[in-house]
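In this note's numbering, the protein residues as written are 6 to 136.
Backbone N, C-alpha and C fix where the C-beta goes; we use that ideal spot for every residue, glycine too.
Worksheet: one structure, shown below.
Structure below.
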C-alpha cells in the first residue's frame with residue numbers, strides 16, 4: 006500500500022505546477038527570478054520548497070552555482086497524475102473501490118475509444134508486472 010499523501014495548499018499547488026511544467030530541474034533562484042507572483046518573496050519560496058520537500062513531492066537532483074553560492078536543483082518526486090492518484094486513493098480508502106473511481110473518471114473523458122485503448126494498455130502492463 007502506498008504512503009499517505011497530504012493535500013497541497015493553493016500556493017504549494019501553484020509551485021508544483023511550475024515544477025511539473027518545467028522541462029528541467031529548477032532552483033529557488035530560478036523560481037524567484039520567474040516572478041510568477043509578486044507576493045512570492047524569496048523567503049516564501051524557500052518555505053514552500055521546504056514544505057514540498059517534507060511532504061515528499063520534491064526531490065533534490067543536483068546543484069547549481071550562482072556567483073559565490075550554490076543552490077539545490079529540485080525535481081518533482083511524483084508526476085501530476087501520480088500525485089492526484091495518491092490523493093484520490095487516500096480520500097476513498099475504505100469507502101469505495103479504486104476500480105469504481107477509475108470507471109467514473111473514464112466516463113468523464115469525451116473520447117471513449119482512446120480511453121478504452123489506454124486502459125487496455127495499462128491492463129496489459131499490469132499483467133506483465135504480475136508474471
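Residue 54 classed as buried or exposed, judged by whether at least 16 other C-beta atoms fall within 10 angstroms: Your numbering for residue 54 matches position 49 in the chain shown. Buried is the call here.
Proximity to residue 28 [Cα-Cα], best of 63, 80 and 39: Reading the chain shown from its first residue, position 23 is the one you call residue 28. Nearest option by C-alpha distance: 80.
Cβ-Cβ distance between residue 33 and residue 51 below 8 Å: Counting from 1 along the chain shown, the entry for residue 33 is found at position 28. Counting from 1 along the chain shown, the entry for residue 51 is found at position 46. In contact: residue 33 and residue 51 (Cβ atoms closer than 8 Å).
Every unbroken alpha helix (DSSP H) inside the region 19 to 70 [4 residues or more]: 33 to 39 and 47 to 59
Three-state secondary structure (DSSP) of residue 83: As a position in the chain shown, residue 83 is number 78, starting the count at 1. Coil at residue 83, not helix or strand.
DSSP-derived helix/strand/coil call for residue 77: Working through the chain shown from its first residue, we reach residue 77 at position 72. If DSSP states are grouped into helix, strand and coil, residue 77 belongs with the strands.
Beta-carbon spacing of residue 109, residue 124 below 8 Å: What you label residue 109 is simply residue 104 of the chain shown in a count that begins at 1. What you label residue 124 is simply residue 119 of the chain shown in a count that begins at 1. Not in contact: residue 109 and residue 124 (Cβ atoms no closer than 8 Å).
Limits of the alpha helix (DSSP H) - the one that residue 110 falls within: Translated into the one-based positions of the chain shown, residue 110 becomes position 105. It spans 103 to 113 - the alpha helix (DSSP H) in which residue 110 sits, taken as one unbroken run.
Nearest-angstrom beta carbon gap, residue 11 and residue 60 [assumed within contact, 8 Å]: Along the chain shown, read from residue 1 onward, the residue named residue 60 stands at position 55. Along the chain shown, read from residue 1 onward, the residue named residue 11 stands at position 6. Residue 60 to residue 11, Cβ: 5 Å. Contact.
Residue 13 (DSSP reduced to helix, strand or coil): Here residue 13 refers to the residue found at position 8 when the chain shown is read from its first residue. Three-state DSSP puts residue 13 in coil, outside helix and strand.
Residue 116 in three-state terms, based on DSSP: Your numbering for residue 116 matches position 111 in the chain shown. It is coil, neither helix nor strand.
Per-residue DSSP class, three states only, for residue 98: Here residue 98 refers to the residue found at position 93 of the chain shown. Residue state, collapsed to three classes: coil.
Length of the line joining the Cα atoms of residue 49 and residue 43: Taking the chain shown and counting its residues from 1, the one referred to as residue 49 is at position 44. Taking the chain shown and counting its residues from 1, the one referred to as residue 43 is at position 38. Going from the Cα of residue 49 to the Cα of residue 43 covers about 11 Å.
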